[in-house]
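Trainee:
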Amino acid sequence: MSGVRGLLRGLGTTARTLTRRAHTAQYPHTEPTLPERSRGVIALLEENCTSCMLCARECPDWCITIDSHKETLPAQTEGGRERSHNVLDRFDIDFSLCMYCGICIEVCPFDALFWAPDFAYAEGDIRNLLHDKERLGTFMASVPESALPTAEEKG
Amino acid sequence: MSSRDVDVTLGAAGVGGLSTTEMVLNIGPQHPATHGVLRLRITADGERITAAEPVIGYMHRGAEKLFEVRDYRQIMVLANRHDWLSAFNNEVGVALTVEHLLEMEVPERATWARTLLCELGRVLNHLMFLGSYPHELGAITPMFYSFREREEIQAVMEEYSGGRMHFMATRVGGLLHDLPEGWLDRVDAAVSTVRSRLPDLTGLVLGNEILQGRTRGIGVLDLDTVLAYGVSGPIARASGLDVDLRRDEPYLAYGELFGEDGPGRVVTREAGDCYARLDVLVEQIQVSLDLVEACTARLRDLGPGPISSRLPKKLKVPAGEHYCASENPLGLNGYYLVSRGDTVPHRLKLRSASFNNVQVLREMLPGTVVADMVAILGSMFFVVGDIDK
Numbered sequence: 037m038s039g040v041r042g043l044l045r046g047l048g049t050t051a052r053t054l055t056r057r058a059h060t061a062q063y064p065h066t067e068p069t070l071p072e073r074s075r076g077v078i079a080l081l082e083e084n085c086t087s088c089m090l091c092a093r094e095c096p097d098w099c100i101t102i103d104s105h106k107e108t109l110p111a112q113t114e115g116g117r118e119r120s121h122n123v124l125d126r127f128d129i130d131f132s133l134c135m136y137c138g139i140c141i142e143v144c145p146f147d148a149l150f151w152a153p154d155f156a157y158a159e160g161d162i163r164n165l166l167h168d169k170e171r172l173g174t175f176m177a178s179v180p181e182s183a184l185p186t187a188e189e190k191g
Numbered sequence: 040m041s042s043r044d045v046d047v048t049l050g051a052a053g054v055g056g057l058s059t060t061e062m063v064l065n066i067g068p069q070h071p072a073t074h075g076v077l078r079l080r081i082t083a084d085g086e087r088i089t090a091a092e093p094v095i096g097y098m099h100r101g102a103e104k105l106f107e108v109r110d111y112r113q114i115m116v117l118a119n120r121h122d123w124l125s126a127f128n129n130e131v132g133v134a135l136t137v138e139h140l141l142e143m144e145v146p147e148r149a150t151w152a153r154t155l156l157c158e159l160g161r162v163l164n165h166l167m168f169l170g171s172y173p174h175e176l177g178a179i180t181p182m183f184y185s186f187r188e189r190e191e192i193q194a195v196m197e198e199y200s201g202g203r204m205h206f207m208a209t210r211v212g213g214l215l216h217d218l219p220e221g222w223l224d225r226v227d228a229a230v231s232t233v234r235s236r237l238p239d240l241t242g243l244v245l246g247n248e249i250l251q252g253r254t255r256g257i258g259v260l261d262l263d264t265v266l267a268y269g270v271s272g273p274i275a276r277a278s279g280l281d282v283d284l285r286r287d288e289p290y291l292a293y294g295e296l297f298g299e300d301g302p303g304r305v306v307t308r309e310a311g312d313c314y315a316r317l318d319v320l321v322e323q324i325q326v327s328l329d330l331v332e333a334c335t336a337r338l339r340d341l342g343p344g345p346i347s348s349r350l351p352k353k354l355k356v357p358a359g360e361h362y363c364a365s366e367n368p369l370g371l372n373g374y375y376l377v378s379r380g381d382t383v384p385h386r387l388k389l390r391s392a393s394f395n396n397v398q399v400l401r402e403m404l405p406g407t408v409v410a411d412m413v414a415i416l417g418s419m420f421f422v423v424g425d426i427d428k
């Protein structure tokens, strides 16, 4: 009979918990509030990227692919030098490989990569997890304000 | 058993109504009770197990080999994945080994913050097993209670690191982020919430006669076997082995926490059965919560300051070798680092707790009945990634 006591005590705990509010949220209807540092998805600010390849080289599993070409701007002033700069053709992150370590964001010297707390980008086909620069750019909208470089830093 | 030999021959010949042959039973690699891809090859004579062999390696990812082509920051990414339930403790272990070889000073604030996060990680780990073990025994309810408490701790860990499982917050020389504003208060709040509700969970688990009946006196592991197999952590302490590296070979801030008036204490039991192992986990949660509170108090006293030391652009570790061990939630985790003065280690050997803790099943299972097998297996608290690396 001693087994009944533990059973009743357990049911007591259950009854007590029943009177409290539910601890879970109905996800698709209630969005979770995520902290600012949440590592959900990597966002790309394309105009800051100089295609220096640092992120692609430091990535532990090489999930970033960058292609760029050089473009030459004609001299702005009389007798001036013409300037060449890199133009980003392709910036892909393969989220099926990404380990969400954040090293690329840490090493980026030009503030072109950010964490955004977006997480709802699951796909039915693994190939669709390869996000191109346009797709990565859309995540910039959800990057928290505090992570963005301030106006004066931007110069 | 002398009759067994006779049985086998008779069984093979097909005579004798009561004769039995031994049956080889594979538990896993895909089995609901093995949480992961551990395979147990069990030989059973009727209901009784006569031999058991853990077959490991289904989840071998070559972590040690991969370490050799990764720099020290990239190693953290892999190191926190071999035992995914002690992610933060693993990161810190690697960082400590590298720092020792570099003879690098880590800011005091970083040391205390690391200790704090390690202990939160330990609570997360133990709560997981406190939920999953009864689940393996057939009680689904404790899982919900343990995950409710885990969520409190997860929230503060996520707020600090941005991750829920693979925190990636440690760097050689300190931590990546400074503590967020008001974070210490939220840690304290989380700790007191967990502490106030923990009796619900422990009462459901330890106070339940059915669970007691299934675990008391089952799977007794004696001290000699513990020592012979190098079993460590809560499992070894449940068999009376009074070893805890936090006290015996202090690293981080544990020297002070486990000192004279410190809140730290080593939890041991004598029985060595499944119940004792579970009991150790429960009390270790309490100890870890005490340690967390001591850490937040100290971090408040320390005030603002640096959280990491400056590193050269290319971190090269001087040639040499070093062994460093830490008390992970599941047992001793050792890191043997051989450097040849490069940005990558020449060799980084892991001594993971679960590997040894699972080998001992070979000794524990023979003589028990198949119905107790899951109770014993679950009480060895292992993570398959930690076995196979």
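Same order as they appear, the protein sequences are chains B and V.
Sequential numbering from 37 applies to the first sequence in our numbering.
Sequential numbering from 40 applies to the second sequence in our numbering.
The beta-carbon is built from N, C-alpha and C at its ideal position, and this holds for glycine as well.
Please state whether the Cβ-Cβ distance between Gly359(V) and Arg148(V) is less than 7 angstroms.
Mentor: Contact: no.
Trainee: Residues of chain B with CB closer than 7 angstroms to the CB of Glu34(V), please, in chain order.
Mentor: Outside the shown range of chain V (40 to 428) lies residue 34(V), about which nothing can therefore be said.
Trainee: Taking C-alpha atoms, which residue in Lys428(V), Arg120(V), Cys334(V) and Cys363(V) lies nearest to Tyr136(B)?
Mentor: Nearest of Lys428(V), Arg120(V), Cys334(V) and Cys363(V) to Tyr136(B), Cα basis: Arg120(V).
Trainee: Does the separation of the CB atoms of Ala102(V) and Val211(V) fall below 7 angstroms?
Mentor: Result no, Cβ atoms of Ala102(V) and Val211(V) do not sit closer than 7 angstroms.
Trainee: For Ile192(V), which residues in chain B fall below 7 angstroms Cβ to Cβ?
Mentor: Those within 7 angstroms of Ile192(V) in chain B number zero; the least Cβ separation is about 14 angstroms.
Trainee: Suppose you measure from the CA of Ser42(V) to the CA of Leu156(V); what does that come to, to the nearest Å?
Mentor: In this predicted model, Ser42(V) has a pLDDT of only 45, less than 50, meaning its place in the structure is not dependable; the value taken from the coordinates is given anyway. Their Cα atoms are separated by approximately 57 angstroms.
Trainee: Closer than 8 angstroms is the cut-off here; do at least three beta carbon pairs connect the stretch 212-228 of chain V with the stretch 85-105 of chain B?
Mentor: These segments do not touch.
Trainee: When you compare the CB of Thr7(B) with every CB in chain V, is at least one pair closer than 7 angstroms?
Mentor: Given that chain B is displayed from residue 37 to residue 191, the structure contains no residue 7(B) and the question cannot be resolved.
Trainee: If we count the other Cβ atoms within 10 Å of its Cβ and call it buried at 16 or more, is Gly272(V) buried or exposed?
Mentor: Buried is the call here.
Trainee: Met207(V) versus chain B: which residues are under 7 angstroms apart at the beta carbon?
Mentor: The answer, in chain order, is Cys137 and Gly138.
Trainee: Between which two residues does the alpha helix (DSSP H) carrying Gly406(V) extend?
Mentor: Looking at the DSSP string, Gly406(V) is not in any alpha helix (DSSP H), and its letter there is neither H nor E.
Trainee: Thinking just about the alpha-carbon of each residue, which of Gly246(V), Val331(V), Asp329(V) and Gly96(V) is nearest to the one in Val40(B)?
Mentor: Val40(B) has its Cα closest to that of Gly246(V), out of Gly246(V), Val331(V), Asp329(V) and Gly96(V).
Trainee: Where in the stretch 121-168 of chain B do unbroken runs of the alpha helix (DSSP H), each at least 4 residues long, occur, reported from the N-terminal end onward?
Mentor: Taking only runs of at least 4 residues, the alpha helix (DSSP H) segments lying wholly in the stretch 121-168 of chain B are 139-143.
Trainee: Who are the Cβ neighbours of Tyr290(V) in its own chain at under 8 angstroms, not counting the five residues just before and after it?
Mentor: For Tyr290(V), where only same-chain residues beyond five positions count, the Cβ hits under 8 angstroms are Leu135, Leu284, Cys363 and Ser365.
Trainee: So if I threshold CB-CB distances at 9 angstroms, which residues from the stretch 90-113 of chain B count as touching chain V?
Mentor: Listed in sequence order: Glu94, Cys95, Pro96 and Asp97.
Trainee: For Ile426(V), which of helix, strand or coil comes out of DSSP?
Mentor: DSSP places Ile426(V) in helix when its eight states are reduced to three.
Trainee: Can you pull the chain B neighbours of Val116(V), defined as C-beta to C-beta under 7 angstroms?
Mentor: Result: Pro96, Met135 and Cys137.
Trainee: Could you tell me whether the Cβ of Asp239(V) comes closer than 7 angstroms to any Cβ of chain B?
Mentor: Asp239(V) counts as touching chain B.
Trainee: When DSSP builds the beta bridges, which residues end up paired with Val377(V)?
Mentor: Its beta-bridge partners are Glu360(V) and Arg386(V).
Trainee: Count the other CB atoms within 10 Å of the CB of Arg57(B); is the residue buried (16 or more) or exposed (fewer)?
Mentor: Burial call: exposed.
Trainee: Grouping DSSP H, G and I as helix and E and B as strand, with all else coil, what is His105(B)?
Mentor: Of the three classes helix, strand and coil, the one that applies to His105(B) here is strand, per DSSP.
Trainee: Report buried or exposed for Pro185(B), applying the criterion of at least 16 other Cβ atoms within 10 angstroms of its Cβ.
Mentor: By the neighbour-count rule (16 or more Cβ atoms within 10 Å), Pro185(B) is not buried but exposed.
Trainee: Should the stretch 294-303 of chain V be regarded as contacting the stretch 392-399 of chain V, the criterion being three or more beta carbon pairs within less than 8 angstroms?
Mentor: Result no; under three Cβ-Cβ pairs closer than 8 angstroms.
Trainee: Could you name the residues of chain A that Ile95(V) contacts, counting a contact when the two beta carbons are closer than 8 angstroms?
Mentor: Annotation note: the requested chain A is absent from the structure, which comprises protein chains B and V.
Trainee: Please check the pair Pro357(V) and Leu140(V), which I expect to be a contact at CB under 8 angstroms, by giving their CB distance rounded to whole angstroms.
Mentor: Between Leu140(V) and Pro357(V) the Cβ distance is about 7 angstroms, and since that is below 8 angstroms, they are a contact.
Trainee: Please confirm whether Arg57(B) has its beta-carbon closer than 7 angstroms to some beta-carbon of chain V.
Mentor: So no, Arg57(B) is outside the interface.
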